[in-house]
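Protein chains in written order, with our numbering: chain X, 105 to 189; chain W, 146 to 537.
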Amino acid sequence: MLIINCPYCGPRPELEFSYAGQAHVARPADPSATGDDEWTAYLYLRTNTRGVHAERWRHARGCARFFNALRDTTTDRFRRDLSER
Amino acid sequence: MTGQRTTRGGRIDRTRPVSFTFDGRGYQGFAGDTLASALLAHGVRLFGRSFKYHRPRGLLAAGTEEPNALVTVSRDAARRTPNVQATQVEIYEGLVAESQNRWPGLGFDLNAVNSFLSPLLTSGFYYKTFMWPRFAWHRWYEPVIRAAAGPAHAPRLPDPDRYAQRFAHCDVLVIGAGPAGLAAALAAAATGARVILCDEQAEPGGSLLDEPAGTINERPAALWIDEALVKLGAQPNVTLLRRTTAFGYFPHNMVGLVECLTDHLATPAAAAPRERIWQVRAREVVLATGAIERPLVFPGNDRPGVMLASAARSYLHRFGVRVGSRIAVLAGCDEAYAAALDLHEAGPVSPSWPTSAMRRWARARRRHGLLVCRSLNAPPCWPRPVGGESAA
Ligand SMILES: [Zn+2]
Chain X
105 MLIINCPYCG PRPELEFSYA GQAHVARPAD PSATGDDEWT AYLYLRTNTR GVHAERWRHA
165 RGCARFFNAL RDTTTDRFRR DLSER
Chain W
146 MTGQRTTRGG RIDRTRPVSF TFDGRGYQGF AGDTLASALL AHGVRLFGRS FKYHRPRGLL
206 AAGTEEPNAL VTVSRDAARR TPNVQATQVE IYEGLVAESQ NRWPGLGFDL NAVNSFLSPL
266 LTSGFYYKTF MWPRFAWHRW YEPVIRAAAG PAHAPRLPDP DRYAQRFAHC DVLVIGAGPA
326 GLAAALAAAA TGARVILCDE QAEPGGSLLD EPAGTINERP AALWIDEALV KLGAQPNVTL
386 LRRTTAFGYF PHNMVGLVEC LTDHLATPAA AAPRERIWQV RAREVVLATG AIERPLVFPG
446 NDRPGVMLAS AARSYLHRFG VRVGSRIAVL AGCDEAYAAA LDLHEAGPVS PSWPTSAMRR
506 WARARRRHGL LVCRSLNAPP CWPRPVGGES AA
């Protein structure tokens, strides 16, 4: 069970968090003008990074807020200082 | 190899006899004995049979590395625990233990005829080869083979025991309370850190329990352990967990421990949990788990009477049991020489076969008058252990 640093509350056990997917996935500004390929990419295509991965977490059973974190997917180590609000 | 109790020495309490049964026969050991040491003291050599060929099996080790002596311990019909190592069972008044994997009895085992068929039943042999003819599998082969092959039987009733769990946080978790673990716990505790120290044995001390002649800081081993425990006990920031095995090391220093609470008690309180699972989150983890001796490989090394040198010393020094009256020691490392000298002091003859020259030990054994058979190459075929007397 990982220790995850909530930028609002501090380090807490993984049990308190829920994963919210890859960070920095921008929603197309005008969905109705977006083609199927671009919309599919927005909905489904993710990087599946080996190494440092920017991702979103939600401190669901704590302050309930979302934040971004950098996690190395090969070691499960978080770049703790880089968690951003 | 016929074991016998020494008149003094060991960490058992000779003033507190404990009665128990093994395969329906009554025996007496002492408080501090394991099932293995108590039976060995009565000259019991046969603890079970191998899984497939039903070859006779005795004790190889004295601790958690024991591969042979698997027994079933039961309190009642619902509380039967199969496949526990006899070396890990602390005896209590009224303990009931049975050997496994034998039919109809341990001494005479019909399935041992498999030994004679062994050229047919090669080691990779799969029982479902007995398929033909198809109808015969369910009707004849399977029931018999399953009865013969299963190492033990699980209880059919629901488990009436209660199990507890808790989370814990600490600065330093020390796994193993031998000399290194105790020293680490003392050093960490002195800084004010919150320390959890766990050890799978009932008694902390680890390898020191087998080394009564050893010293640390010029203190005899037993005294050093006692002093360390007093110091640790006086520190409110230290938690000492006995009979507690670390079973998993998970990310970010999460360690799983299982603490056995009642298995060693003759009459556990009805409401007491049997085991407690600890999920420990530690800032630092010290692995002080010690080492186990690697066995030598030779034909017949699974026969009763063949034992690790470290185990022979452990039985002698910790449990006051001499593992045999005539002992051959096969030396591949320092441990074997130490065992030869210790066993020699506790009784008469100890011939030994060194495979490597170690002058220091050679001088010591000459001083003690040990007979040494030298062979630089391992014998092409190991002498078959005969009758009751065989190699350590
Ligand atoms: Zn939070």
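Yeah, the Cβ is synthetic: ideal placement off N, Cα and C, and Gly gets one too.
- With 9 Å as the threshold, decide whether the Cβ of W/ARG311 is near any Cβ in chain X. Cβ-Cβ to chain X under 9 Å: no for W/ARG311.
- Can the beta-carbon of W/HIS397 be found less than 9 Å from the beta-carbon of X/ASP140? Not a contact, by the Cβ cut-off of 9 Å.
- ligand 1 heavy atom lying under 8 Å from the CB of X/HIS163: Because some heavy atom of ligand 1 lies under 8 Å away, the Cβ of X/HIS163 counts as near it: yes.
- Item | Three-state secondary structure assigned by DSSP to W/GLY477 | Three-state DSSP puts W/GLY477 in coil, outside helix and strand.
- Reference W/ALA391; option with closest CA among W/ILE320, W/ALA456 and W/PRO303: Measuring from the Cα of W/ALA391, the nearest candidate turns out to be W/ILE320.
- Message: With a threshold of 6 Å on Cβ separation, who are the neighbours of W/ASN522 within its own chain once the five nearest residues in sequence on each side are excluded?
- Response: Unreliable positioning characterises W/ASN522 in this predicted model, as indicated by a pLDDT of 46, which lies under 50. The coordinate reading is nonetheless provided below. Here the set comprises nothing.
- Task: Please classify W/ALA332: does DSSP put it in a helix, a strand, or coil?
- Result: Helix at W/ALA332.
- Query: If you check the beta carbons only, do W/THR226 and W/THR217 fall under 9 Å apart?
  - Reply: In terms of Cβ geometry, W/THR226 and W/THR217 form a close pair [threshold 9 Å].
- Item | N-terminal and C-terminal residue of the alpha helix (DSSP H) that W/HIS314 is part of | Following the DSSP letters along the chain, one finds W/HIS314 in no alpha helix (DSSP H) but inside the beta strand (DSSP E) bounded by residues 308-320.
- Own chain residues within Cβ distance below 8 Å of W/ALA141, not counting five before or after: For chain W, the structure presents residues 146 to 537; residue 141 of chain W sits outside this window and is missing.
- Item | Rounded straight-line distance, which links the Cα of W/SER352 to that of W/ALA207 | If you take the alpha carbons of W/ALA207 and W/SER352, they lie about 11 Å apart.
- contact_flag[the stretch 147-158 of chain W, the stretch 455-471 of chain W] where n(CB pairs < 8 Å) is 3 or more: The answer is yes - the stretch 455-471 of chain W touches the stretch 147-158 of chain W, with three or more Cβ pairs under 8 Å.
- Find the residues of chain W that neighbour X/ASP180, judging by a C-beta separation of less than 8 Å, and give them in chain order. By Cβ distance, chain W contributes PRO396 and HIS397.
- Message: Could you check whether W/CYS315 and W/ALA338 sit closer than 9 Å to each other, using their CB atoms as the reference points?
- Response: Cβ atoms of W/ALA338 and W/CYS315: closer than 9 Å.
- Item | Status (buried if at least 16 other CB within 10 Å, exposed otherwise) for X/CYS113 | Under this definition X/CYS113 is an exposed residue.
- Message: Going residue by residue through the stretch 220-252 of chain W, where are the continuous beta strand (DSSP E) segments of at least 3 residues, counting only ones entirely within it?
- Response: Listed in chain order, the complete beta strand (DSSP E) runs (minimum 3 residues) inside the stretch 220-252 of chain W are 225-230 and 240-244.
- Message: Quick check on DSSP: helix, strand or coil for W/ALA414?
- Response: W/ALA414 carries a coil assignment under DSSP once its states are collapsed to helix, strand and coil.
- Message: Count Cβ pairs between the stretch 437-456 of chain W and the stretch 407-417 of chain W that sit closer than 8 Å; are there 3 or more?
- Response: The stretch 437-456 of chain W vs the stretch 407-417 of chain W: no contact.
- Query: Closer than 8 Å: is that where the CB of W/TYR237 sits relative to any heavy atom of ligand 2?
  - Reply: Among the ligands present in this structure, namely ligand 1, ligand 2 is not found.
- Task: Take the Cβ of X/SER136 as the centre, count every other Cβ of all protein chains shown within 10 Å, and call the residue buried at 16 or more, exposed below.
- Result: Flag for X/SER136 reads exposed.
- With distances taken from CA atoms, which of W/ALA231, W/VAL430 and W/ARG200 is nearest W/GLU211? Out of W/ALA231, W/VAL430 and W/ARG200, W/ALA231 has the C-alpha closest to the C-alpha of W/GLU211.
- Message: Quick check: does the Cβ of W/ARG202 come within less than 8 Å of any heavy atom belonging to ligand 1?
- Response: Flag unset: Cβ of W/ARG202 not near ligand 1.
- Item | Ordered list of beta strand (DSSP E) runs contained in the stretch 320-391 of chain W, each at least 3 residues | Listed in chain order, the complete beta strand (DSSP E) runs (minimum 3 residues) inside the stretch 320-391 of chain W are 340-343 and 383-386.
- Task: Indicate whether at least one CB of chain W lies closer than 9 Å to the CB of X/LEU106.
- Result: Answer yes: the Cβ-Cβ gap between X/LEU106 and chain W drops below 9 Å somewhere.
- Measure the C-alpha to C-alpha separation of W/ALA457 and W/VAL425 and round it to an integer number of angstroms. Rounded to the nearest angstrom, the two C-alpha atoms are 35 Å apart.
- Would you say X/PRO111 faces chain W, with C-beta separation under 9 Å as the test? The beta-carbon of X/PRO111 is placed no less than 9 Å from the nearest beta-carbon of chain W.
- Message: What I want to know is whether the C-beta of W/ARG458 ends up closer than 8 Å to one or more non-hydrogen atoms of ligand 1.
- Response: Checking every heavy atom of ligand 1 against the Cβ of W/ARG458, none is found closer than 8 Å.
- Compare the C-beta of W/GLN424 with all C-beta atoms of chain X and state if any pair is closer than 9 Å. Any Cβ of chain X closer than 9 Å to the Cβ of W/GLN424 would place that residue at the interface, and such an atom is present.
- Query: Terminal residues of the continuous alpha helix (DSSP H) containing X/TYR146?
  - Reply: Start and end: 140-148.
- Task: Quick one: grab the DSSP three-state call for W/PRO201.
- Result: In the displayed model, W/PRO201 falls within a strand according to three-state DSSP.
- Cβ separation of X/LEU174 and X/ALA164, assumed to be a contact under 8 Å, to the nearest whole Å: Separation of the CB atoms of X/LEU174 and X/ALA164 is rounded to 20 Å, and the pair is thereby denied contact status at 8 Å.
- Which residues does DSSP pair with X/ALA173 in a beta bridge? The partner list for X/ALA173 (beta bridge, DSSP) reads X/GLU159.
- Query: DSSP three-state call for W/ALA427: helix, strand or coil?
  - Reply: In this structure, W/ALA427 counts as strand in the three-state DSSP scheme.
- Query: Is the stretch 161-178 of chain W touching the stretch 229-243 of chain W, taking contact as three or more C-beta pairs under 8 Å?
  - Reply: Between the stretch 161-178 of chain W and the stretch 229-243 of chain W, the count of Cβ pairs shorter than 8 Å is three or higher; the stretches touch.
- Answer yes or no: does any C-beta atom of chain W fall closer than 9 Å to that of X/PRO135? Under the Cβ criterion of 9 Å, X/PRO135 is not counted among the residues facing chain W.
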